[in-house]
Each structure stands twice: as structure tokens, then as C-alpha cells.
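By the UniProt record's numbering, the letter at position 75 of the sequence shown is numbered 75, and the numbering carries on one by one without gaps.
Just so you know, even glycine gets a beta-carbon here, dropped at the ideal spot from N, CA and C.
On a predicted model such as this, the values are computed, not experimentally measured, just so you know.
Working notes for the structure below.
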Amino acid sequence: MDESINIPSWADQSGSELVQSSKPKGPGSQWKALNVGPDMIRSLLLRKFKNPTPIQRASIPGALSTPPRDILAMARTGSGKTLGYMIPLLERLGSTHSPSTSPRALVMCPSRELAMQILTVGKDLARGMTKGKGKETENLKWALIMGGESMEGQFEKMSKSPDM
Ligand SMILES: Nc1ncnc2c1ncn2[C@@H]1O[C@H](COP(=O)(O)OP(=O)(O)OP(=O)(O)O)[C@@H](O)[C@H]1O
1 MDESINIPSW ADQSGSELVQ SSKPKGPGSQ WKALNVGPDM IRSLLLRKFK
51 NPTPIQRASI PGALSTPPRD ILAMARTGSG KTLGYMIPLL ERLGSTHSPS
101 TSPRALVMCP SRELAMQILT VGKDLARGMT KGKGKETENL KWALIMGGES
151 MEGQFEKMSK SPDM
């Protein structure tokens with residue numbers, strides 16, 4: 001039996017070569033080549049994230065494709081996995097609150113520290129998308145739900161119809 005792993009073309013790490021071989025120029029051009037939108041690129045550049053990391057190159061196009069792809073990704077710590085899913089997630093949700101009755105996205109993670117870190121990264125990225133645009137609309141709402149916290153407080157957070 002062939003035990004080699006088939007990596008779909010959109011997830012192939014050599015996709016990074018595809019981005020490089022077309023030699024996109026200018027700030028944000030490598031993000032643009034992954035179909036990341038202008039508001040998000042502005043937010044990324046504000047944070048000095050000039051180019052995507054390999055795991056981001058591999059995951060973002062599939063997550064932004066129509067229809068979106070399911071992605072199971074693995075990469076070493078510090079390789080940029082969080083933005084690998086947070087960028088497409090925010091691109092799909094948009095940067096403004098939607099008063100639907102249920103959350104539009106759910107991020108599950110195995111520790112409180114990671115949950116808090118992801119919240120900070122996500123909020124910061126979303127803030128950068130609207131910064132300086134003078135929009136009157138309400139920003140995305142986030143709710144951090146963790147074991148060991150008061151149930152009442154967490155129900156209250158959920159009652160405010162968070163987006164994420
Ligand atoms: N494209 C990028 N350019 C520059 N820095 C980046 C980029 N993407 C992420 N980073 C930075 O790299 C660091 C590691 O990113 P991140 O925490 O997302 O990695 P991770 O793979 O999710 O790590 P862990 O497995 O520990 O959760 C962070 O400081 C983040 O701000």
C-alpha cells in the first residue's frame with residue numbers, strides 16, 4: 001500500500017514558490033496573491049506582517065476559495081498557524097458586527113492561555129481592518145468562554161450575540 005501522503009495542490013508548501021515565482025512586487029503583494037482583501041492587507045502591514053509564512057501560504061487560499069475547503073493543518077510552534085486561520089475567518093466574517101442570534105464562528109482551543117492569546121490576535125487584526133476608515137458601524141463582537149469562569153458572566157456574554 002502506498003503510504004505517502006497526498007497533499008492537495010492548494011495546500012502544497014511549494015505553493016509558496018508559486019507565489020514567489022510570479023514575483024509579486026510592492027507591499028502586501030504576497031498577501032494579495034493569496035486573495036487576501038485590501039482592508040486585511042492594511043491591517044497586516046500595520047503589524048509589520050509583510051509576507052505570509054509557509055503555513056499561511058498553504059492554508060489561506062483554500063480557506064478563502066469558493067466553496068471553502070476544510071483544512072487540517074499542522075506546523076511547528078511559532079510558525080504562524082493562528083493567522084493561518086484567523087485571516088480567512090475575518091475575511092469571511094467582515095470587520096463589523098452582525099446581529100444574528102448565534103455566533104458566526106467558533107474557535108476551540110485546548111488551554112485558557114491559548115484562548116486569551118487568540119482573542120488578542122483576532123481583535124487586533126479586526127481593529128486594523130477598520131482603522132482610519134471612519135466607519136460608523138459596530139465592530140465585531142467577541143466572547144471568550146472558558147471553563148472555571150462564572151456561568152452567569154458567560155451567559156451574559158453569549159446573550160450579547162457575539163460574532164465570534
Ligand atoms: N506573516 C507573518 N509575518 C511576521 N510575523 C508573523 C506572521 N504570522 C505570524 N507572525 C508572528 O509569529 C509569531 C508566532 O505566531 P503564532 O503564535 O500564530 O504561531 P503558532 O504557530 O500559532 O504558534 P503556537 O503553536 O505556539 O500557537 C507571533 O508573534 C506572530 O505575531
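Check	Outcome
beta-carbon N51 near ligand 1 non-hydrogen atom, thresh 8 Å	yes
CA-to-CA distance, M151 to D2, given in whole angstroms	For D2, the predicted structure reports a pLDDT of 44, less than 50, and the residue's modelled location is therefore unreliable. A value from the coordinates is still provided. Cα to Cα, D2 sits roughly 50 Å from M151.
CA-to-CA distance, Q56 to L83, given in whole angstroms	7 Å
Inter-residue CB distance, G128 and R47 (contact presumed, cutoff 8 Å)	7 Å
Given P52 as reference, the closest of T66, V36, L64, D124 once Cα atoms are compared	V36
Residue from P54, A63, P67, W142 whose Cα sits closest to the Cα of S79	P54
Whole-angstrom distance between I41 and F49, CA atom to CA atom	9 Å
C-alpha gap between G62 and S159, whole angstroms	33 Å
Best match in D39, L34, S102, T120 for proximity to S65 [C-alpha to C-alpha]	L34
Residue 233 vs A115 beta-carbon contact at 9 Å	Residue 233 cannot be examined here, being either before or after the span of the chain that is shown, 1 to 164.
T101 - DSSP class collapsed to helix/strand/coil	coil
Given I87 as reference, the closest of M74, M164, G122, P68 once Cα atoms are compared	G122
D39 - containing alpha helix (DSSP H), residue span	38-46
Buried/exposed call for S98, threshold 16 Cβ in 10 Å	exposed
Closer than 8 Å: R127 CB and nearest ligand 1 heavy atom	no
Length at least 4, wholly inside the UniProt domain "Helicase ATP-binding" (62-164): the alpha helix (DSSP H) runs in chain order	81-93, 112-130, 151-159
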